[in-house]
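Below: one structure, written as structure tokens.
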Amino acid sequence: MLKNTFKIATLLCATLTICNVAALAPQADRAVIQYMSADILLPDNSLLNVDMSFDCGSDFSKTAMIITSDAGAHLLATAFASMYGNAAGDQVLHSWNTKVNEADPRKPTFLVVTPPENAHENWYKSTISKGVKKTLNYQAESLTSERSDDLNVELPIVKPYCGSRDHRPTSAQ
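As structure tokens, this is what we get:
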């Protein structure tokens, strides 16, 4: 009992240390993005600098994809339609082509795709097979098979960014 308690405490401490001190670590065969800065050209020809931290605890810590163009939104929508059904693909395009709030100055500049809430490590490997009829539950942001086995798959989260407010302009070069 004491040995198991010690193992659990050690794992918990290691997890908290990784999350708080060194959230990101390079992989053996791949670099990992820790921080990104982008100049965004706004519709009025001014520039906005956006900083994104991918460290533990940031809004972008679990980012799987960043979509920055019509082509990217259509590719993601096609993938979602194939994996999760046409309604899921339509929802991606709706997020890309619609202001988050009616009073927003513009449509989103980019979409960020993150794992579903409470997703396991390899969440992206589990989907409903292509031949199954699917129903998208918009309120729960999940996908349900119409078969009797009640298979349920949560959709990755697609969140629009950088269209919701005006910023202090700087002139473009």
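Heads up, the sequence shown is in my numbering, so the first residue is 2 and it goes up one at a time.
Glycine included, C-beta positions come from ideal geometry on N, C-alpha and C.
task: Quick one: which unbroken beta strand (DSSP E) runs of 3-plus residues sit fully inside the stretch 62-99? Chain order, please.
output: If we require 3 residues or more, the beta strand (DSSP E) runs fully inside the stretch 62-99 come out as 66-68.
task: Flag this pair as yes or no: are the beta carbons of A175 and V93 separated by less than 7 Å?
output: Beyond the ends of the chain as shown, which are 2 and 174, falls residue 175; an answer cannot be given.
Distance between D71 and I158 (C-alpha atoms, nearest Å): For this step, residue 158 is matched to residue 157 along the sequence shown. For this step, residue 71 is matched to residue 70 along the sequence shown. The straight-line gap from Cα to Cα measures roughly 18 Å.
- prompt: Just how far apart, CA to CA, sit M53 and Y162?
  reply: As a position in the sequence shown, residue 53 is number 52, starting the count at 1. As a position in the sequence shown, residue 162 is number 161, starting the count at 1. The straight-line gap separating the alpha-carbon atoms of M53 and Y162 is approximately 12 Å.
message: By alpha-carbon positions, which one of E122, A65, W124 and G73 ends up nearest to I34?
response: Here residue 34 refers to the residue found at position 33 when the sequence shown is read from its first residue. Among E122, A65, W124 and G73, the Cα nearest to that of I34 belongs to A65.
field: Selection from E118, H121, H95 and E122 that minimises the alpha carbon distance to P109
entry: Translated into the one-based positions of the sequence shown, residue 109 becomes position 108. Nearest option by C-alpha distance: H95.
query: Who are the near neighbours of P44 in its chain, counting only those whose CB is closer than 7 Å to its CB and skipping five residues on each side?
result: In the sequence shown, counting from the first residue as 1, residue 44 sits at position 43. Correct list, in chain order: R107.
- request: List the whole-angstrom C-beta distance separating V51 from I67, where the pair is believed to meet the contact cut-off of C-beta under 8 Å.
  value: Counting from one through the sequence shown, the residue named residue 51 turns up at place 50. Counting from one through the sequence shown, the residue named residue 67 turns up at place 66. No, V51 and I67 are not in contact; Cβ-Cβ is about 11 Å, not under 8 Å.
field: Bounding residues of the beta strand (DSSP E) (the contiguous stretch that carries D52)
entry: To locate residue 52, count along the sequence shown from 1; it is residue 51. In the DSSP assignment, D52 falls within the beta strand (DSSP E) that extends over S47 to S54.
message: Please classify M84 as buried or exposed, where buried requires at least 16 neighbouring CB atoms within 10 angstroms.
response: For the purposes of this step, residue 84 is identified with residue 83 of the sequence shown, where counting begins at 1. Buried, since its Cβ has 16 or more Cβ neighbours within 10 Å.
- prompt: Going by other Cβ atoms of all chains shown within 10 Å of its Cβ, with 16 needed for buried, is G58 buried or exposed?
  reply: Position 57 of the sequence shown, counted from the first residue, corresponds to residue 58. Result: exposed.
task: Taking L112 and W124 to be in contact with their CB atoms under 8 Å, please state how far apart those CB atoms are, rounded to whole angstroms.
output: The residue given as residue 112 occupies position 111 in the sequence shown. The residue given as residue 124 occupies position 123 in the sequence shown. In fact, because the Cβ distance is near 18 Å, the residues do not count as touching under 8 Å.
query: Tell me which same chain residues have a C-beta within less than 7 Å of the C-beta of A74, skipping the five on either side of it?
result: The sequence position of residue 74 within the sequence shown is 73, counting from 1. These residues qualify, in order along the chain: I68, V93, L94, W97 and L112.
message: Are the CB atoms of A89 and L156 within a distance shorter than 7 Å?
response: The residue given as residue 156 occupies position 155 in the sequence shown. The residue given as residue 89 occupies position 88 in the sequence shown. In contact: L156 and A89 (Cβ atoms closer than 7 Å).
message: Mapping the DSSP letters down to three states, classify K126 as helix, strand or coil.
response: One-based indexing of the sequence shown puts residue 126 at position 125. Of the three classes helix, strand and coil, the one that applies to K126 here is helix, per DSSP.
query: Can you check whether the CB of G164 is closer than 7 Å to the CB of D91?
result: What you label residue 91 is simply residue 90 of the sequence shown in a count that begins at 1. What you label residue 164 is simply residue 163 of the sequence shown in a count that begins at 1. Against a cut-off of 7 Å, the Cβ pair of G164 and D91 comes out as no contact.
message: Just verifying my parser: in three-state terms, what is the DSSP assignment at Q28?
response: Residue numbering aside, residue 28 sits at position 27 when the sequence shown is read from its first letter. Correct three-state label for Q28: strand.
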